[in-house]
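Residue numbers (our numbering): 124 to 606.
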């Protein structure tokens, strides 16, 4: 009897927020480029965001499959289908309620498409219940790196023991390969959610922790050479089945895709920004952006503006807040030619990889951090919430490519964060962009990591091989079930 040739059909189901959706779509493109049949499941409005990120000339194109998003049923405004568009804790909770209502449509998709595996965001752990019932391998996408997962697991051990160190003192995260000290105020203590409008997320985190050991494994947007001790620690010490397949954003070599990444392009925005950068010397511009979900108080924006101006360096600053009432008087006139303010969307991949860009001021969201690492750039670290304070430890203390601005309080809401003063912003930018042995060493390490990142995804690289190993395991699983 002749041998059967098996095709692998992978279904990707990202959480509908920019920071979770884009990397999982990039990952889908990676697996499609390796020969898998790939479908991305999303909602109509999010399909419009994803579509420009799919190369038109791909030999094995990624397919989009949509299901309606129950905005009205969850009490959200009509057309609100993406978490990056919510503006309050109440809306954020309703958004997750709407995501929760996708259970039956998701199960119907599984019945209709019959994928060989499903890759789902960790914030939708309920998807495992449906894939398990149908015998479909389930892979979880956590959206962060190995170090942060290890640090979070270490901190969970402290919480499980009922320990609450004094908020004014640092403590050591136990059982990690390196000595990592943190302030309690910098940690993502999920107990703080109790009694708040976000208390419902506690159930999500609990469910995610329960299903993790039952899943086929997880996919991580990182590469082995970046954090080898923690990739090994995840697999060998914590017993997590995981494949490092990043940096996934490096699959975006198409200029049109890079220009429109995120699906919110304003007419001419990328061109205007690049023309401005083209007129600046190599490595002379600092780029400041805090992702798609971060807002700041008027007082904080004021201090940022003055700090950037006083640094004396060219800058591109992306601001999500609407309006201009936070700008110092005649600020834009004073910075003309020196600084560029972009409101809303920015072509981040193009900016980070432009020769004029020499550094990045970031909230330490993992997508942005890894994009900067891939571009070979050092960073000013300004974590706000989620796992970002863990990412700061990786960037500053382990990789030694980051300069901390001095953020000390983990808080999602802007009104709960202490204001970082202009002098601290100025000092961090000067330290990042200046000369001297320390700054040059940081730049050299960043460039070396950028080269390692690019090699990891090339044929024979560590991430390229992990993609192949995962596909082979999934094909073997399919073969056993068929036979």
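Quick reminder that beta carbons are idealized off the backbone N, C-alpha and C, glycines included. Since the model is a prediction, treat every value here as computed from it, not as a measurement.
For residue i, three-class secondary structure by DSSP
i: residue 518; result: helix
i: residue 441; result: strand
i: residue 508; result: coil
i: residue 239; result: coil
i: residue 132; result: strand
i: residue 251; result: helix
i: residue 244; result: strand
i: residue 264; result: strand
i: residue 462; result: strand
i: residue 329; result: helix
i: residue 360; result: helix
i: residue 259; result: coil
i: residue 270; result: helix
i: residue 603; result: helix
i: residue 375; result: coil
i: residue 475; result: helix
i: residue 140; result: coil
i: residue 429; result: helix
i: residue 490; result: helix
i: residue 582; result: coil
i: residue 351; result: helix
i: residue 396; result: helix
i: residue 219; result: helix
i: residue 403; result: coil
Residue burial classification, residue i (beta-carbon count within 10 angstroms, cutoff 16)
i: residue 516; result: buried
i: residue 211; result: exposed
i: residue 567; result: exposed
i: residue 482; result: buried
i: residue 326; result: exposed
i: residue 355; result: exposed
i: residue 155; result: buried
i: residue 573; result: buried
i: residue 125; result: Unreliable positioning characterises residue 125 in this predicted model, as indicated by a pLDDT of 44, which lies under 50. The coordinate reading is nonetheless provided below. Exposed, by the Cβ-count rule.
i: residue 484; result: buried
i: residue 522; result: buried
i: residue 593; result: buried
i: residue 595; result: exposed
i: residue 545; result: buried
i: residue 495; result: buried
i: residue 369; result: buried
i: residue 506; result: buried
i: residue 295; result: exposed
i: residue 260; result: buried
i: residue 480; result: buried
Beta-ladder partner(s) of residue i, from DSSP
i: residue 367; result: 343
i: residue 304; result: 295
i: residue 485; result: 412, 504
i: residue 90; result: This structure gives no information on residue 90, because the portion of the chain shown stretches from 124 to 606.
i: residue 527; result: 504
i: residue 186; result: 162
i: residue 480; result: 408
Contacting residues, own chain, Cβ-Cβ under 8 Å from residue i (five flanking each side not counted)
i: residue 142; result: 207, 266, 414, 415, 416, 488, 490
i: residue 396; result: 439, 463, 465, 469, 470, 473, 474
i: residue 448; result: 421
i: residue 418; result: 443, 444, 537
i: residue 518; result: 487, 492, 502, 504, 524, 525
i: residue 167; result: 189, 191, 192, 204
i: residue 99; result: Nothing in the structure corresponds to residue 99, since the chain is present only between 124 and 606.
i: residue 229; result: 136, 164, 190, 250, 253
i: residue 520; result: 301, 303
i: residue 534; result: 507, 508, 540
Cβ distance (whole Å) where residue i is taken to contact residue j below 8 Å
i: residue 543; j: residue 504; result: Actually they do not touch by this definition, with Cβ atoms about 12 Å apart.
i: residue 164; j: residue 242; result: Rounded, the Cβ-Cβ distance is 10 Å, inconsistent with contact.
i: residue 251; j: residue 586; result: In fact, because the Cβ distance is near 25 Å, the residues do not count as touching under 8 Å.
i: residue 248; j: residue 331; result: 4 Å
i: residue 412; j: residue 441; result: 4 Å
i: residue 552; j: residue 408; result: Wrong, their Cβ atoms sit about 11 Å apart, outside the cutoff.
Contact with chain D by residue i, beta-carbon distance below 7 Å
i: residue 130; result: Of the protein chains in this structure there is only one, and it is not chain D.
Own chain residues within Cβ distance below 6 Å of residue i, not counting five before or after
i: residue 197; result: 217, 220, 221
i: residue 244; result: 137, 138, 143, 264
i: residue 238; result: 132, 134
i: residue 570; result: 499
i: residue 162; result: 134, 186, 188
i: residue 150; result: 371
Chain-order list of residues whose beta-carbon lies under 7 Å from that of residue i (same chain, five-residue window excluded)
i: residue 451; result: 425, 428, 429
i: residue 509; result: 311
i: residue 548; result: 426, 427, 430, 431, 528
i: residue 565; result: 501, 523, 524
i: residue 581; result: 587
i: residue 276; result: 361
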